[in-house]
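Asker:
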Amino acid sequence: MTPEQVLAAGGRLAVEAARFTGLGWMRGTSGNLSEVLSRDPLRLAVTASGLDKGELTPADVAVVDGHGDPLTVAGIEPLVPSAEAGLHARVAAVTGADAVVHVHALNAVVAGHHWPRGVRLRDIETLKGIGRLAHDDEVTIPVIANSQDMTELGDRFEAAYDPATPAVIVADHGLYTWGSDLRRARHVTECVEWLLAYRIATR
């Protein structure tokens, strides 16, 4: 991969991060986004750790391998990737998605608290926004226990993964979503957050 490819991905990640920050879903320096740079071998551009996600530049990105470990790319200043880069890589590998979003949306945390075995949804028009049916389609957003060990968290994700549901809640932490590109992953994130708000409001 070239420095130009990495910086182009960093620019796209910065734009999306600013959008999510404006919605209040990436408070402080929380949350992280990634985009797949290559599949064989798996390489991802991931937002760098410890930075305000509303103020990222294209250079505020790290490149990681399929385990989430940082890689050196000539012409790119090496930055520390998000602590959750390993889970981003696992999600990308398991789902085949080219973009992964992790936000600290409050509704995801609250919903995970109320329904630790999964958040069930049915007969809601907005389900179409995550690729499901508006009627007669029961959808469960999985909820998995949190961990600071990304291998352990990745195992929990993989055990709970439903190919038809592009989202998972990490209990007491936040929401992960994914899509064929950053735009699709954003749309899924927005729709899932709305669906969770609806479920909480009507419980």
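The sequence shown begins at 748 in my numbering and counts up one residue at a time.
Heads up, the beta-carbon is just placed ideally off N, CA and C, and yes, glycines get one too.
Give the single residue among ASP787, THR768, LEU942 and MET748 whose Cα lies nearest to the Cα of LEU868.
Answerer: LEU942
Asker: Spatial neighbours of VAL850 within its chain, please: CB distance less than 7 Å, with the 5 preceding and 5 following residues excluded, ordered by chain position.
Answerer: PHE767, TRP772, MET773, GLY778, GLY921, LEU922 and THR936
Asker: With distances taken Cα to Cα, identify the nearest neighbour of GLN895 among THR794, LEU791, VAL915 and ALA830.
Answerer: ALA830
Asker: Would SER781 be called buried (16 or more neighbouring beta carbons within 10 Å of its own) or exposed?
Answerer: Label assigned to SER781: buried.
Asker: Assign ARG864 to one of two classes, buried (16 or more other C-beta atoms within 10 Å of its C-beta) or exposed (fewer than that).
Answerer: exposed
Asker: List the residues that DSSP assigns as beta-bridge partners of LEU922.
Answerer: VAL850 and ILE916
Asker: Tell me whether ARG790 sits in a helix, a strand or coil according to DSSP, three-state version.
Answerer: strand
Asker: Following the continuous beta strand (DSSP E) through ILE888, name the residue where it begins and the one where it ends.
Answerer: 886–888
Asker: Output the distance between the C-alpha atoms of VAL783 and LEU789, rounded to the nearest integer angstrom.
Answerer: 7 Å
Asker: Which class does ARG950 belong to by DSSP, given the choice of helix, strand or coil?
Answerer: Looking at ARG950 - three-state DSSP - the assignment turns out to be coil, as it is neither helix nor strand.
Asker: So for ARG783, helix, strand or coil by DSSP?
Answerer: A small fix is needed here, since residue 783 is Val in this sequence, not Arg. VAL783: strand per DSSP, three-state reduction.
Asker: Within 10 angstroms of the Cβ of LYS875, are there 16 or more other Cβ atoms? Answer buried if so, exposed if not.
Answerer: exposed
Asker: Within 10 Å of its beta-carbon, does HIS882 have 16 or more other beta-carbons around it, so buried, or fewer, so exposed?
Answerer: By the 10 Å Cβ count, HIS882 comes out exposed.
Asker: Have a look at ALA716 and GLY833 and give me their C-alpha separation to the nearest angstrom.
Answerer: With the chain running from 748 to 950 in the structure shown, residue 716 is simply not present.
Asker: Quick check on the burial criterion: 16 or more other C-beta atoms within 10 angstroms. Buried or exposed for HIS861?
Answerer: With fewer than 16 other CB atoms across the displayed protein chains lying within 10 angstroms of its CB, HIS861 is exposed.
Asker: Taking only the alpha-carbon atoms, compute the straight-line gap between ALA836 and THR887 and give it to the nearest angstrom.
Answerer: 23 Å
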